[in-house]
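> Residue numbering for the sequence shown follows the UniProt record's numbering, beginning at 1 and increasing consecutively.
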Amino acid sequence: MMLFYDYLARMGCAFVMGTLIGIERQYRQRNAGLRTNILVSVGAAAFTVLSCDMTIGNGDPSRVAAQIVSGIGFIGGGLILKDGFNVRGLNTAATIWCSAACGTLSGVGLYAEAAVLVACVLITHCLFRPLCTWMEKKESGLFQYTVHVECEQNLSNKIQQIIMNVLSFDRNVKLNALFHKTSGKKAIVYCDMEMQGEHKVLLDLLVSRLRSQDGVFSAGWEKKNLPQEDF
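In structure tokens form, the structure reads like this:
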């Protein structure tokens, strides 16, 4: 049977580790902030302590740790959101997983190992964040994209609406012009925009959707580089 002061030490360690991770998350104003990370850490520690304390004979206390891993996956899944063509919350979900791991390590008395894990999490969020931002900016540039669609004249307004709906999913789009020209019974819709970085997937999806519309004869897009300071 575990002594009470030993239990306090393990729960206290889990509380401190969860607090350190949670402060950084709260400062970044993430969905899973200070309280969430603390609760995940101390909860994982409590289940781990219970497992170790109730294991008798040849029982395997690691079975509870395995259930913690899968259980935290449900919380992490709820934090991952699809925002248009982007996925948000992956880092927050991974951080919650690390908080649970810190609690599990604290629950078995591996205080130094828990501290190392917290240090790794904080280094990843605090030091590698500007590095990732620098790398993204280095490999991305400012591009001007032009989408052109040839369709029946009475479809021009519908085509423009489809273009607006698809582009609204990406907040990096700077729309310069959206207009159409008529030639007999046909219309050609033009959309000029500026975007930071490569957006081939978005534009391919847009063109594919436009081509699937009845009355559309052709659709395509092209790009050219622009000076970075013009954005």
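Cβ coordinates follow ideal geometry from the N, Cα and C atoms, glycine included.
Since we're looking at a predicted model, the values are computed, not measured.
Starting from Trp221, follow its DSSP beta bridges and name the residues at the other end.
Val147
> Based on DSSP bridge pairs, tell me the residues matched to Arg88.
Leu81
> Measuring CB atoms only, is the segment 111 to 121 touching the segment 68 to 77, in the sense that at least three cross pairs come out at less than 8 Å?
no
> Considering Lys181, what are the terminal residues of the beta strand (DSSP E) in which it resides?
Val173 to Ser183
> One question on the structure: do Trp97 and Tyr145 come within less than 8 Å of each other, judged by their Cβ atoms?
no
> Which whole-angstrom value is the C-beta distance of Val216 and Val149, which I expect to be below 8 Å?
6 Å
> Determine the burial state of Gly78: buried for a count of at least 16 other Cβ atoms within 10 Å of its Cβ, exposed for fewer.
exposed
> For the UniProt domain "MgtC/SapB/SrpB/YhiD N-terminal" (12 to 131), which segments carrying the alpha helix (DSSP H) assignment without a break, of at least 4 residues, lie completely within its bounds, in sequence order?
34 to 54, 62 to 79, 90 to 107 and 111 to 126
> Distance, Cα to Cα, Lys224 vs Phe143?
6 Å
> Starting from Asp192, follow the alpha helix (DSSP H) in both directions and report where the run begins and ends.
Taken as a continuous stretch (DSSP letters only), Asp192 belongs to no alpha helix (DSSP H), being part of the beta strand (DSSP E) at Lys186 to Gln196.
> From what residue to what residue does the alpha helix (DSSP H) around Ser168 run?
From DSSP, Ser168 is part of no alpha helix (DSSP H); its letter is neither H nor E.
> DSSP three-state label for Leu3, please.
coil
> In terms of alpha-carbon separation, which member of Asn157, Asp192 and Glu24 lies closest to Thr182?
Selected option, being the one with the closest Cα: Asn157.
> Please report the straight-line C-alpha distance between Val121 and Ile188, rounded to a whole angstrom.
52 Å
> Please report the distance separating the alpha-carbon of Leu8 from that of Leu34.
21 Å
> Taking 8 Å as the cut-off, decide whether the C-beta atoms of Gly103 and Val166 are in contact.
no
> Could you pull out every residue in the same chain whose Cβ sits closer than 6 Å to the Cβ of Lys185, ignoring the five residues on either side in sequence?
Excluding sequence neighbours, Lys185 sits near Gln153.
> Among Gly107, Thr95, Asp204 and Ala219, which has the Cα closest to the Cα of Gln26?
Thr95
> Using only alpha-carbon positions, find the residue among Ala100, Ala177 and Phe47 that is nearest to Leu117.
Ala100
> Between Met193 and Asn176, which are expected to be in contact by the criterion C-beta below 8 Å, what is the C-beta distance as a whole number of angstroms?
6 Å
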